[in-house]
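Colleague: I have a structure I would like to understand better, so I am pasting it below and will then ask my questions one at a time.
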Amino acid sequence: MDGTTSGRIGISAIATFEPPWVLGNDWFEGTIPRKFVHHTGIEARPVSLEDEVTMAVRAARALQRETGCDLADCAGVVFVSPSFIPLPVARQHLPPELARRERLQRTAKQFVRRLGLPDCLALGINWFCCGFSKACALVVERMLPAVDLHENQFFLVVTSSRISRITDYACQQTAALFGDLATVTMLSRADSPRYPVHFELLYANAQKQPADGVFFDFHLRERVLAPDQDGGRHYDERRLVFSLDGMGIADIAPRAMSSATAAALSATGHSADQVRYVVPHQAGAGIVRLTAMKIEQLGIGGEVINGLTARVGNVSSGSIPYSLKKKWNSLSGLIACPTAAVGSPGLREVSHGCVLLRATPLHERARQVAA
0 MDGTTSGRIG
10 ISAIATFEPP
20 WVLGNDWFEG
30 TIPRKFVHHT
40 GIEARPVSLE
50 DEVTMAVRAA
60 RALQRETGCD
70 LADCAGVVFV
80 SPSFIPLPVA
90 RQHLPPELAR
100 RERLQRTAKQ
110 FVRRLGLPDC
120 LALGINWFCC
130 GFSKACALVV
140 ERMLPAVDLH
150 ENQFFLVVTS
160 SRISRITDYA
170 CQQTAALFGD
180 LATVTMLSRA
190 DSPRYPVHFE
200 LLYANAQKQP
210 ADGVFFDFHL
220 RERVLAPDQD
230 GGRHYDERRL
240 VFSLDGMGIA
250 DIAPRAMSSA
260 TAAALSATGH
270 SADQVRYVVP
280 HQAGAGIVRL
290 TAMKIEQLGI
300 GGEVINGLTA
310 RVGNVSSGSI
320 PYSLKKKWNS
330 LSGLIACPTA
340 AVGSPGLREV
350 SHGCVLLRAT
360 PLHERARQVA
370 A
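Going by numbering that gives the first Met the number 0, the sequence shown opens with residue 0, and the numbers climb by one from there.
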């Protein structure tokens, strides 16, 4: 996929769900590196006791409360989860009945059934930290051509991450990085009177490319350390966990996000000096600082948003919608949202993507009122 452009739809609203249990850095008792907070900005992260579908349903109910939307107007759902184990890995390491639970297409259908929308078009994908970019591209490429979207209908891009269930909390590189979180983003027609658009979707793309090394893989471990909600700790007898080459990703991610931003501008005919804001994947404060340096080399002088990981950690595919929600009333003009991610487990590849948005006149007026 070379890229996707669209002036037909945009973001009308975003809702989030943060699990109430928050695990602070003190739980790790000095086992994480001393410079961890300086490099990442992470001081705490939510941990969910509920599964990804339940978290996503909670975010959808929050969308209902905040917007008054009728979920019966939903024409399609892309369900994104980076905490699902890719099926080849699951089949290799897990019993068949457990491996079947990792099928994301099945999970997407579970979600729409839980919302009472069994006939709704549903897709399930992973794509790790590039999941939101890929999902938006799929809405434009696959859902819009397949659905005659009425002016009072919308699509939902759902991200639900429970990476805590595949984390080895004794691993110094990965234990403290990720937080659990769910988001729901409403994408409506640009002319929708019922669900007016605040950010027009100009471009969405995500793709994989070869890399020099393997940055990500899964391993079946025994006696895996995990936290208890009361502040204690226990050991799971056996758990399938991920490993991550943090230094390798920290080196390649800023360049990948810069490259994805350049591709988005080129595909849409926009110049670098038109970008007012850059909302990159919040992989950690240090990575975003390096990304800002690369972004500046493109000639972009707009503000680069950073520092949103403090209380949630890296929320993977939920990072962009979470950031847009947090900065909703601050954003205006042309907004670039680049992402970078690991590729498939055990392969020498990385992913990168970008969503390009433009604030609508409606949003600009609402922003001025909010200010």
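The C-beta atom is built at its ideal place from N, Cα and C for all residues, glycine as well.
This one's a predicted model, so the numbers in the text were calculated from it and none came from an experiment.
Starting from T173, trace the beta strand (DSSP E) in both directions and tell me its first and last residue.
Modeller: Per DSSP, T173 lies in no beta strand (DSSP E) segment and is marked neither H nor E.
Colleague: From which residue to which residue does the beta strand (DSSP E) around Y276 run?
Modeller: 274-277
Colleague: Keeping to the same chain, check which residues put their C-beta closer than 8 Å to that of D190; ignore five residues upstream and five downstream.
Modeller: E150
Colleague: Go through its chain and collect everything with a Cβ distance to L361's Cβ below 8 Å, but skip five positions before and after it.
Modeller: P195, V196, H197
Colleague: From A174 to G230, what distance separates their C-alpha atoms?
Modeller: 15 Å
Colleague: Compare the C-alpha of F78 against each of T184, D69, R237 and name the closest.
Modeller: T184
Colleague: Return the chain-ordered ranges of every alpha helix (DSSP H) run that is complete within the region 50-91 and spans a minimum of 4 residues.
Modeller: Whole alpha helix (DSSP H) segments, 4+ residues: 51-66.
Colleague: Which term fits E363, buried or exposed, when burial requires 16 or more other beta carbons within 10 angstroms of its beta carbon?
Modeller: exposed
Colleague: Closest by CA to I41, which one among A169, A358, A282?
Modeller: When the alpha-carbon of I41 is set against those of A169, A358, A282, the nearest one is in A282.
Colleague: Pull the bridge partners of G123 from the DSSP assignment, please.
Modeller: F78
Colleague: For H351, which three-state DSSP category applies?
Modeller: Annotated three-state conformation of H351 is strand, per DSSP.
Colleague: Give the DSSP-derived three-state secondary structure of M0 in the structure shown.
Modeller: With a pLDDT of 38 at M0, under the threshold of 50, the modelled position of that residue is not reliable, and the figure given next carries that caveat. In the three-state scheme derived from DSSP, where H, G and I count as helix and E and B as strand, M0 is classed as coil.
Colleague: Please tell me whether H269 and L355 are closer than 9 Å, where the distance is taken between their beta carbons.
Modeller: yes
Colleague: For I251, I'd like the list of residues in its chain whose CB is within less than 8 Å of its CB, leaving aside the five on either flank, ordered along the chain.
Modeller: A210, F214, A339, V349
Colleague: With DSSP as the reference, label G245 as helix, strand or coil.
Modeller: In the structure shown, G245 sits in a helix (DSSP, three-state: H, G or I).
Colleague: Below 6 Å CB to CB, which residues in the same chain sit around D1 once its five sequence neighbours on both sides are set aside?
Modeller: Low confidence applies here, because D1 scores a pLDDT of 49, under 50, leaving its location unreliable and the question unanswered by this model.
Colleague: From R371 to L148, what does the alpha carbon distance come to, in whole angstroms?
Modeller: Absent from the model: residue 371. The displayed extent of the chain is 0 to 370, so no value can be given.
Colleague: Name the one or two DSSP bridge partners that S159 has.
Modeller: A181
Colleague: Considering only residues of the same chain and omitting the five flanking positions on each side of L328, which have a CB-CB separation below 6 Å?
Modeller: Reading the sequence as shown, one finds Asn at residue 328 and not Leu. Excluding positions up to five away in sequence, the list reads R366, A369.
Colleague: For the region 314-338, list the beta strand (DSSP E) runs that are entirely contained and at least 3 residues long, ordered along the chain.
Modeller: The beta strand (DSSP E) runs of length 3 or more contained entirely in the region 314-338 do not exist; there are none.
Colleague: So what's L346 in DSSP terms, helix, strand or just coil?
Modeller: coil
Colleague: Taking C-beta to C-beta, are G301 and Y321 nearer than 9 Å?
Modeller: no
Colleague: Please return the same chain residues whose Cβ sits closer than 6 Å to the Cβ of R57, not counting the five positions on each side in sequence.
Modeller: F16
Colleague: Could you have a look at H37 and say whether DSSP puts it in helix, strand or coil?
Modeller: helix
Colleague: What is the rounded straight-line gap between the Cα of A35 and the Cα of P117?
Modeller: According to the sequence provided, residue 35 is Phe. The question's Ala does not apply to it. Within the model, the alpha-carbon separation for F35 versus P117 is close to 45 Å.
Colleague: Just the C-alpha distance for R44 and R357, rounded to the nearest angstrom, thanks.
Modeller: Taking C-alpha positions only, R44 is separated from R357 by approximately 31 Å.
Colleague: Whose CA, out of L333, L155, A255, lies closest to the CA of C129?
Modeller: A255
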